[in-house]
Amino acid sequence: MLETIAYSIFNGVLYGTLLFMMSSGLTLIFGMMGVLNFAHASFYMLGAYFAYTFGLGTGFWVALFLAPIAVGAMGALVERYGLRRVHQYGHVPELLFTFGLAYVIEELVALFWGTVPVAYKAPAALNTTAFTMFGLDYSWFKVFILLVAVAMFVGLWALIKKTRAGLIIQGALSRPDMVGALGHNVPMVFTLVFAFGCALAGLGGVVGGIHFVTDPGMAFMMGPIVFVVVVLGGLGSVPGALVASLIIGILQTFFLSVNFSLADSIGTLGIENSGFFGVLWHMEATRIAPVLPFLLLVLTLIFRPRGLFGKREA
Amino acid sequence: MTTRNALELKGVKKNFGRAEIIRGLNLEVHEHERHVIIGPNGAGKSTMFNLISGRMKVSDGSIKLFGNDIHNLPAHKVNRMGLSRSFQVTNLFQNMTVMENLRCSLLWSEGHKYAFWKSVMGQQAVTDRAYELAERLNLTEQAEIPASLLTYAQQRSLEIGCTVASGAKVILLDEPTAGMSRTEANDVIQLIQRMTGENTLVVVEHDLSVVFELADRISVLVYGEIIATGTPEEIRNNAAVQEAYLGTEVH
Amino acid sequence: MATNTAAGSTNLLKLWPWVVVPLVAIVLPFLFDSGHAINLLSHMGVAIIFALSYNMLLGNTGLLSFGHAVYYGLGAYVAMHLLRSINDAGGEGLPIELLPLVGAGAGLFFGIIFGTFSVRRAGVVFAMITLGLGALVHSSSLMFTDFFGGEAGLFGYRDEAPSLFGVDYAPSRNVYFLVVAWAMIAAILIYLLKKTPLGWMANAVRDNPERAQFVGYDPTIVRFIQFALSAMFAGLAGGLFVITDEIVNDEAVNALTSGAVLLGTYIGGIGYFIGPIVGGTLVTFLESSLSAYTEAWVLYFGLMFIAIVMFAPMGLVGIVHTQYLNWKAGGWKGNTGARLYILLTGLVGIFGLVCVIELAYHYFRSWDPSAPFALMGVTVDATNALPWLVSFGIAIIGFGLMLFHGNPMLKRKLGAKSDGGKA
Numbered sequence: 001m002l003e004t005i006a007y008s009i010f011n012g013v014l015y016g017t018l019l020f021m022m023s024s025g026l027t028l029i030f031g032m033m034g035v036l037n038f039a040h041a042s043f044y045m046l047g048a049y050f051a052y053t054f055g056l057g058t059g060f061w062v063a064l065f066l067a068p069i070a071v072g073a074m075g076a077l078v079e080r081y082g083l084r085r086v087h088q089y090g091h092v093p094e095l096l097f098t099f100g101l102a103y104v105i106e107e108l109v110a111l112f113w114g115t116v117p118v119a120y121k122a123p124a125a126l127n128t129t130a131f132t133m134f135g136l137d138y139s140w141f142k143v144f145i146l147l148v149a150v151a152m153f154v155g156l157w158a159l160i161k162k163t164r165a166g167l168i169i170q171g172a173l174s175r176p177d178m179v180g181a182l183g184h185n186v187p188m189v190f191t192l193v194f195a196f197g198c199a200l201a202g203l204g205g206v207v208g209g210i211h212f213v214t215d216p217g218m219a220f221m222m223g224p225i226v227f228v229v230v231v232l233g234g235l236g237s238v239p240g241a242l243v244a245s246l247i248i249g250i251l252q253t254f255f256l257s258v259n260f261s262l263a264d265s266i267g268t269l270g271i272e273n274s275g276f277f278g279v280l281w282h283m284e285a286t287r288i289a290p291v292l293p294f295l296l297l298v299l300t301l302i303f304r305p306r307g308l309f310g311k312r313e314a
Numbered sequence: 001m002t003t004r005n006a007l008e009l010k011g012v013k014k015n016f017g018r019a020e021i022i023r024g025l026n027l028e029v030h031e032h033e034r035h036v037i038i039g040p041n042g043a044g045k046s047t048m049f050n051l052i053s054g055r056m057k058v059s060d061g062s063i064k065l066f067g068n069d070i071h072n073l074p075a076h077k078v079n080r081m082g083l084s085r086s087f088q089v090t091n092l093f094q095n096m097t098v099m100e101n102l103r104c105s106l107l108w109s110e111g112h113k114y115a116f117w118k119s120v121m122g123q124q125a126v127t128d129r130a131y132e133l134a135e136r137l138n139l140t141e142q143a144e145i146p147a148s149l150l151t152y153a154q155q156r157s158l159e160i161g162c163t164v165a166s167g168a169k170v171i172l173l174d175e176p177t178a179g180m181s182r183t184e185a186n187d188v189i190q191l192i193q194r195m196t197g198e199n200t201l202v203v204v205e206h207d208l209s210v211v212f213e214l215a216d217r218i219s220v221l222v223y224g225e226i227i228a229t230g231t232p233e234e235i236r237n238n239a240a241v242q243e244a245y246l247g248t249e250v251h
Numbered sequence: 001m002a003t004n005t006a007a008g009s010t011n012l013l014k015l016w017p018w019v020v021v022p023l024v025a026i027v028l029p030f031l032f033d034s035g036h037a038i039n040l041l042s043h044m045g046v047a048i049i050f051a052l053s054y055n056m057l058l059g060n061t062g063l064l065s066f067g068h069a070v071y072y073g074l075g076a077y078v079a080m081h082l083l084r085s086i087n088d089a090g091g092e093g094l095p096i097e098l099l100p101l102v103g104a105g106a107g108l109f110f111g112i113i114f115g116t117f118s119v120r121r122a123g124v125v126f127a128m129i130t131l132g133l134g135a136l137v138h139s140s141s142l143m144f145t146d147f148f149g150g151e152a153g154l155f156g157y158r159d160e161a162p163s164l165f166g167v168d169y170a171p172s173r174n175v176y177f178l179v180v181a182w183a184m185i186a187a188i189l190i191y192l193l194k195k196t197p198l199g200w201m202a203n204a205v206r207d208n209p210e211r212a213q214f215v216g217y218d219p220t221i222v223r224f225i226q227f228a229l230s231a232m233f234a235g236l237a238g239g240l241f242v243i244t245d246e247i248v249n250d251e252a253v254n255a256l257t258s259g260a261v262l263l264g265t266y267i268g269g270i271g272y273f274i275g276p277i278v279g280g281t282l283v284t285f286l287e288s289s290l291s292a293y294t295e296a297w298v299l300y301f302g303l304m305f306i307a308i309v310m311f312a313p314m315g316l317v318g319i320v321h322t323q324y325l326n327w328k329a330g331g332w333k334g335n336t337g338a339r340l341y342i343l344l345t346g347l348v349g350i351f352g353l354v355c356v357i358e359l360a361y362h363y364f365r366s367w368d369p370s371a372p373f374a375l376m377g378v379t380v381d382a383t384n385a386l387p388w389l390v391s392f393g394i395a396i397i398g399f400g401l402m403l404f405h406g407n408p409m410l411k412r413k414l415g416a417k418s419d420g421g422k423a
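Protein chains in written order, with UniProt numbering: chain D, 1 to 314; chain R, 1 to 251; chain G, 1 to 423.
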């Protein structure tokens with residue numbers, strides 16, 4: 001049991017940090033612009049594909065920097081020539097625009113890179129074993145994921161709390177009109193924030209594409225879960241996104257790693273494995289795991305729409 | 001004959017965080033009277049309206065409408081108990097025509113509730129009432145024009161019409177003449193007098209000439225408290241009011 | 001038939017679409033009498049009901065749902081279970097014509113259950129709850145295999161059930177007429193709903209929930225009833241789908257189905273009653289016909305949706321309607337040429353873009369990019385630069401003329417006209 005718990009905590013933290021990398025940009029964009037970017041996971045996917053393609057020429061370490069920059073540039077273009085135009089119609093058309101964008105990006109990725117997964121792998125240097133725990137080997141790449149996530153969180157925190165740009169962002173979070181009145185070019189700030197948020201997703205993709213799999217379905221897979229993270233953490237809250245990522249990461253990994261059902265642990269109590277509650281009673285935890293994030297999403301929105309750390313409601 | 005209180009506020013308080021905007025407000029509005037609230041900017045007049053109409057929750061105290069507690073009820077319940085309001089900023093169904101706005105405002109008071117088995121246009125009583133209202137509002141010619149295309153003064157009139165249409169006995173009007181020229185304001189005052197006849201009226205107003213023309217009684221709200229209530233004559237001669245609100249020194 | 005003006009005279013002449021459309025629908029299967037075409041027509045009918053029910057939320061009440069397939073799919077599953085029990089009983093029980101009512105009942109039931117906590121807020125919160133519920137139900141469909149039949153889905157046989165009128169539903173044309181009948185009933189009911197106090201207040205709550213409260217209505221209850229009724233019609237569409245396809249699998253409740261109905265309804269035009277009808281027809285047609293010609297149909301579809309969101313938020317019907325009103329008001333006088341020029345150059349640009357996309361699909365996706373390939377009737381080699389240059393050229397010239405020549409020309413003419421009016 002201890003083994004299971006230690007295993008789920010470590011792997012859960014690992015999964016959680018990947019979730020955080022994907023969702024921090026989304027929560028930042030929502031917090032500042034009020035735009036819920038449905039295509040955020042698509043930018044995550046672009047990060048992985050760009051890193052793969054650049055990596056073929058430049059090697060992983062250069063691609064690690066180039067790919068997020070390229071994704072950020074695409075984000076800037078999308079904001080400048082798409083979102084800004086739709087903005088005048090309100091938030092729902094913005095959501096619709098990014099919804100359509102997610103379809104288009106997925107199709108374009110499938111067009112250029114094919115529908116089957118590409119062979120995007122960690123560089124050999126990171127593939128060696130860093131340490132062994134309970135008979136399982138952990139590669140340097142997993143350590144690297146943790147380091148990138150920590151660097152990302154510290155960097156974001158420092159950016160928001162310690163720099164002038166962060167001050168403007170914080171100001172724009174609560175009073176975009178005031179920030180505009182003080183002479184800052186709010187549309188420009190919006191473009192930069194959107195680009196930056198997309199670049200963060202791209203960085204998540206550079207790492208996540210190796211850890212999971214790089215195929216055109218990856219955005220569709222991760223998209224809803226990223227929403228769960230930002231809603232649970234509180235829309236607009238970066239620390240909230242971190243906590244929510246870790247909660248979901250650990251919870252889901254734990255459910256996936258235990259062999260458990262209510263019937264096993266408490267006893268069948270004469271409940272047959274049929275009917276809605278009967279099936280639920282006999283359901284193994286591993287099969288419940290995929291549902292958990294969405295259950296959390298719905299429960300959060302019903303009982304606490306501002307999430308764990310959010311300042312305002314979604 | 002003792003007059004019944006239409007509206008009664010007792011020790012009403014409202015905090016926003018640590019800022020206390022309404023600080024123990026007491027107010028009695030008699031039935032059938034036209035009661036005007038005056039006070040300097042930031043005294044909490046709009047907040048008071050928001051508390052009464054159910055748009056905001058009170059932090060403490062009680063609000064009674066004809067003897068029934070209405071504080072912290074949702075706005076639609078307050079409305080069904082007989083209170084309606086207009087807003088400082090025009091608040092209409094902008095995409096709908098004048099007649100459609102009036103019809104929407106009449107539906108509940110005519111008892112149609114959430115019905116999904118009868119046609120709105122088939123309700124002759126609603127149609128008749130709506131035409132009658134449009135006539136009294138001088139909006140017959142604009143009947144089929146979307147609210148968003150009316151002039152500002154016409155929109156304000158329509159809003160008063162919708163407020164009256166919802167069948168309320170007590171009507172709150174938040175600065176009905178704000179942003180209007182002298183003549184437009186006069187027209188609106190006449191309209192209010194014409195439309196609200198038997199109803200109890202509570203009005204927030206800045207324009208003192210309007211106030212003294214309209215009011216049966218006046219209350220003065222300063223820093224979240226009512227400092228005086230009385231007839232226009234009494235208020236005019238009240239030293240505290242002159243000092244706090246009219247800004248004249250009294251020696 | 002704009003949603004915004006719920007009022008309208010009951011002029012009998014205005015009822016002509018209600019006569020013409022069903023007549024056309026009845027004639028169609030005799031013009032296109034292949035099995036494939038009739039199946040396609042049936043699917044269009046189902047899609048129209050589904051899209052109309054979706055627009056009760058998005059267009060009429062302002063609720064953006066990412067999970068409307070939940071009610072469609074659950075309606076379909078419940079109807080399928082009943083059909084199977086009828087099959088098992090040797091064809092005894094509920095007549096097949098009434099099976100969609102079972103789907104509608106299931107849709108209503110789940111709409112009431114999920115609606116109670118979905119509709120308290122509109123806007124982004126509602127959108128997210130529907131997204132979560134959609135994902136939840138879809139994940140559950142793979143967990144509860146007894147009810148959902150797992151990945152294979154469930155089968156049933158429509159011709160092993162009693163018929164109310166003694167019709168044999170083995171031929172798909174008879175099924176199509178059943179679909180038309182139900183689509184007409186649903187369309188009439190949904191249209192009439194817009195005329196009721198609830199329909200009016202749904203529009204009111206969409207535009208200004210606060211004002212609606214101050215005339216006595218609880219926006220949550222208005223949204224709730226609309227939501228439940230919309231779920232009911234979605235379930236009806238699901239039940240009808242069981243009859244046309246005789247199979248239901250998890251696709252019926254998944255996010256793609258929810259997305260397709262949103263895309264179709266929006267492309268058609270959410271502000272018009274016929275918007276979802278056009279949209280639902282178009283989606284079904286493109287999905288089935290375009291996918292036979294090109295792999296790129298999802299891309300075309302996504303691009304079309306984005307273009308509509310960006311440039312024509314009132315949808316395809318909105319474009320036609322606006323131009324029609326403009327033309328009727330004499331807004332085309334003296335500039336008809338400029339308008340047609342913009343349309344023509346735009347079409348040329350789209351043609352060029354389609355060529356580019358088709359070339360790209362052939363180049364990147366086929367086993368042998370250099371294999372000769374028929375592009376718009378011309379056999380080309382995608383590894384050769386020439387077809388690319390020509391395609392890009394057509395697209396750039398088309399869009400370039402439209403944006404930098406046609407548009408300024410129209411603006412100039414309109415400007416000259418309004419100046420002339422002043423003078």
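Backbone N, C-alpha and C define an ideal beta-carbon position, used for all residues, glycine too.
Using the C-alpha atoms, what's the distance from residue j back to residue i?
i: threonine 61 of chain G; j: alanine 228 of chain G; result: 12 angstroms
i: residue 315 of chain D; j: asparagine 11 of chain D; result: Outside the shown range of chain D (1 to 314) lies residue 315 of chain D, about which nothing can therefore be said.
i: residue 457 of chain G; j: methionine 283 of chain D; result: Limits of chain G in this structure are 1 at one end and 423 at the other, which puts residue 457 of chain G out of reach.
i: phenylalanine 294 of chain D; j: glycine 132 of chain G; result: 5 angstroms
i: phenylalanine 110 of chain G; j: isoleucine 274 of chain G; result: 27 angstroms
i: methionine 45 of chain D; j: alanine 395 of chain G; result: 29 angstroms
i: valine 13 of chain D; j: alanine 119 of chain D; result: 25 angstroms
i: glycine 135 of chain D; j: leucine 142 of chain G; result: 33 angstroms
i: aspartate 250 of chain G; j: valine 78 of chain G; result: 13 angstroms
i: methionine 44 of chain G; j: threonine 98 of chain D; result: 27 angstroms
i: valine 213 of chain D; j: proline 117 of chain D; result: 7 angstroms
i: alanine 106 of chain G; j: isoleucine 113 of chain G; result: 11 angstroms
i: leucine 83 of chain G; j: glycine 307 of chain D; result: 44 angstroms
So residue i contacts chain G; which residues on that side make the cut at Cβ distance below 7 angstroms?
i: phenylalanine 93 of chain R; result: Ala204, Asp207, Asn208 and Arg211
i: phenylalanine 227 of chain D; result: Met128 and Leu131
i: histidine 112 of chain R; result: Pro197
i: histidine 76 of chain R; result: Gln213, Gly216, Tyr217 and Asp218
i: arginine 136 of chain R; result: Neighbours of arginine 136 of chain R on chain G: none; closest Cβ ~18 angstroms, over 7 angstroms.
i: leucine 201 of chain R; result: What leucine 201 of chain R touches in chain G: nothing, since even the nearest Cβ is about 16 angstroms away.
What does DSSP give as the partner residue(s) for residue i in the beta ladder?
i: proline 239 of chain D; result: Beta-bridge pairing links proline 239 of chain D to no other residue.
i: threonine 300 of chain D; result: In DSSP, threonine 300 of chain D forms no bridge with anything.
i: lysine 10 of chain R; result: R/Ser62
i: aspartate 128 of chain R; result: Bridge partners of aspartate 128 of chain R: none, in fact.
Report the neighbours of residue i on chain G: residues whose CB is nearer than 9 angstroms to its CB, in chain order.
i: valine 92 of chain D; result: Leu58, Gly62, Leu64, Gly123, Val124 and Ala127
How would you list, in chain order, the residues of chain G whose beta-carbon sits under 8 angstroms from the beta-carbon of residue i?
i: phenylalanine 116 of chain R; result: Leu193, Thr196, Pro197, Leu198, Gly199, Ile225 and Leu229
Does the Cβ of residue i lie closer than 7 angstroms to at least one heavy atom of the ligand HEM?
i: leucine 98 of chain G; result: Inclusion of the ligand HEM in the displayed structure is not the case, the ligand content being empty and no account of it being possible.
inquiry  = Does the contact criterion of 3 or more C-beta pairs under 8 angstroms hold for the stretch 112–130 of chain D versus the stretch 195–204 of chain D?
reply    = no
ask   = When you check each C-beta in the stretch 344–362 of chain G against every C-beta of chain D, which residues fall closer than 7 angstroms?
value = Ala360 and Tyr361
request  = Quick one: which residues of the stretch 283–308 of chain D get their C-beta closer than 7 angstroms to a C-beta of chain G? List them in chain order.
outcome  = Met283, Arg287, Pro290, Val291, Phe294, Leu295, Leu297, Val298, Leu301, Ile302 and Pro305
ask   = Can you list, in chain order, the residues of the stretch 13–38 of chain D whose Cβ is nearer than 8 angstroms to any Cβ on chain G?
value = Listed by position along the chain: Leu36.
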